[in-house]
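Position 40, counted from 1, in the sequence shown is what full-length UniProt numbering calls 40; the numbers after and before it change by one each time, with no gaps.
What follows is one structure encoded as structure tokens, with my remarks underneath.
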Amino acid sequence: MDKVRKLAEKINITGSVLPDEPMARHTSFQVGGPADLFVVPEDREEFVRVVRMVREEGLPLFVLGGGANILVSDRGVRGVVVHTGRVREAVWDEEGAWLDAGVRIEDAVVEAVERGMVGLEDFAWMPGSVGGSAYMNARCYGRSFSDVMSAFEVIDEEGRLVGKEVREEEFGYKRSPLQGKGWVLVRARVRLGKGEREALARRVREVRADREAKGHFAAPSAGSVFKNNRAFGAPTGVLVDRLGLRGHRMGGAQVSPLHGNIIVNAGGATAREILHLIRFIEQQVYEAYGYRLEREVLLVGEWDEETAPPFPLT
């Protein structure tokens, strides 16, 4: 903690530097304990500078975007959380745009539709940022983010600002080279085609209606909890439905009554309760089908033996 306090005193930005900031304020699950230090840079330049400072001090770093697809421990996050919420410059041209890591996907979709540009419409109403979408290689309605992303810029392990081209072989189903390499995405290039505004707007309306029907907006959630696997013969949500688990509760955590692959904070849930429900679903699916589900939601922060699955892995 002494190193964190010293870093907080050294950071000189126009953005915010907040000690012991509750992560529940910044995640789509609306759960999570305090971050030792929560930094909100004002722009891309400050973002790069802060990330470099944290790494130079040897402190744990977590970069937070829209707060979806993560479950933050009730104990919080040790080290420094850098939030990209204000790192939102978007530079558009006739072929697409350079989008900062903190640009909301929904904002990019709206702008693309207004410009009559094709490629982002299937990502409409996705609660996340460009940084998170690139990291996870977000996938919606059969389209992955890497299908529209042509290049990206990262801070590498040495603190250098490096440009990268998208190589198809490095991306896969909800997989990207950003995972496990220590790279921090700064901005991404999306390459889009030409389209008709009304047709694009109609598609956005269709996507919203489908998301509403699946309960994406009914209560706080992180979106899909588990990845799909074609080898299972059915989407994960269908497997959960067949076990009669829709609506199943553990404390304030509940399997959505509208979709088997969504867990919601039905009121006052803790991260521990949500994790226990995740593990319960994993156990039920394993015992019924012999399938080991792969989590899409990432565990962030200070966890312990709670992360161990309650069923055999061998």
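C-beta atoms are modelled at their ideal positions from N, C-alpha and C, and glycine is treated no differently.
Note that the structure is a prediction, hence the values are computed from the model and not measured.
Environment of residue i [buried if 16+ CB atoms lie within 10 Å]
i	result
Lys181	exposed
Arg44	buried
Thr14	exposed
Glu21	buried
Gly223	buried
Arg202	exposed
Val162	exposed
Tyr135	buried
Gly66	buried
Ala231	exposed
Asn137	buried
Phe217	exposed
Ala188	buried
residue 324	In the structure as shown, the chain starts at 1 and stops at 314, and residue 324 therefore has no counterpart that could be examined.
Ala108	buried
Glu94	exposed
Asp304	exposed
Arg249	exposed
Pro312	Low confidence applies here, because Pro312 scores a pLDDT of 45, under 50, leaving its location unreliable; read the following figure in that light. Its Cβ having fewer than 16 others within 10 Å, Pro312 is exposed.
Gly247	exposed
Pro19	exposed
Glu168	exposed
Gly268	exposed
For residue j and residue i, believed in contact at Cβ under 8 Å, the rounded distance
i	j	result
Ser28	Ser221	6 Å
Ala97	Ala90	6 Å
Glu302	Val77	7 Å
Val72	Ala271	6 Å
Val297	Val225	5 Å
Ile155	Val190	About 20 Å separates the two Cβ atoms, so there is no contact after all.
Ala288	Leu243	6 Å
Arg86	Glu42	5 Å
Ala151	Ala219	With 8 Å as the limit, Ala151 and Ala219 do not qualify as a contact, their Cβ atoms being about 37 Å apart.
Separation of residue j from residue i, as counted between CA atoms
i	j	result
Gly32	Gly233	35 Å
Glu106	Leu192	15 Å
Leu262	Ala112	Residue 262 is actually Ile in this sequence, not Leu. Taking the straight line joining both Cα atoms gives about 28 Å.
Gln283	Glu114	46 Å
Gly252	Ala199	40 Å
Glu157	His26	26 Å
Lys6	Arg160	24 Å
Asn229	Ile70	20 Å
Arg239	Val285	The amino acid occupying residue 239 in the given sequence is Leu; Arg does not appear at that position. When rounded, the distance between both Cα atoms is 7 Å.
Val148	Glu57	36 Å
Val110	Val118	11 Å
Pro34	Pro60	14 Å
Leu120	Phe38	31 Å
Arg139	Ile11	36 Å
residue 338	Ser144	Only positions 1 to 314 of the chain appear in this structure, which leaves residue 338 out of reach.
Ser256	Val166	36 Å
Met23	Gln30	8 Å
residue 316	Glu9	Outside the displayed range of the chain (1 to 314) lies residue 316, so it cannot be described from this structure.
Gly195	Val17	43 Å
Ser133	Gly290	30 Å
Val207	Gly215	12 Å
Gly172	Gln179	12 Å
Ala213	Asp74	30 Å
Tyr141	Val40	32 Å
Gly116	Arg197	5 Å
Arg295	Arg211	20 Å
Gly237	Glu273	20 Å
Val63	Pro235	30 Å
Val264	Asp241	15 Å
Arg104	Gly128	6 Å
Ile281	Leu258	16 Å
Gln254	Arg279	13 Å
Lys3	Asp36	11 Å
Ala209	His276	31 Å
Arg88	Val186	10 Å
Ser146	Glu170	10 Å
### Query
Which runs of the alpha helix (DSSP H) spanning at least 4 residues fall entirely within the region 161-214, listed in chain order?
197-213
#### Entry: Start-end ranges of the beta strand (DSSP E) lying completely within the region 26-88, minimum 3 residues
34-40, 61-64, 70-72, 77-83
### Task
Decide if the region 82-89 is in contact with the region 41-61; the criterion is three or more beta carbon pairs, one per stretch, under 8 Å apart.
For the pair of segments examined, the region 82-89 was found to touch the region 41-61: the number of CB pairs separated by less than 8 Å reaches three.
### Task
Could you tell me which uninterrupted beta strand (DSSP E) segments, each at least 3 residues in length, are contained entirely in the region 240-280, listed from first to last along the chain?
253-255, 262-265
#### Entry: Any 3 or more C-beta pairs closer than 8 Å across the region 120-138 and the region 202-217
yes
### Task
Please list the segments of the alpha helix (DSSP H) lying wholly inside the region 94-170, counting only runs of 4 or more residues, in order along the chain.
105-114, 130-136
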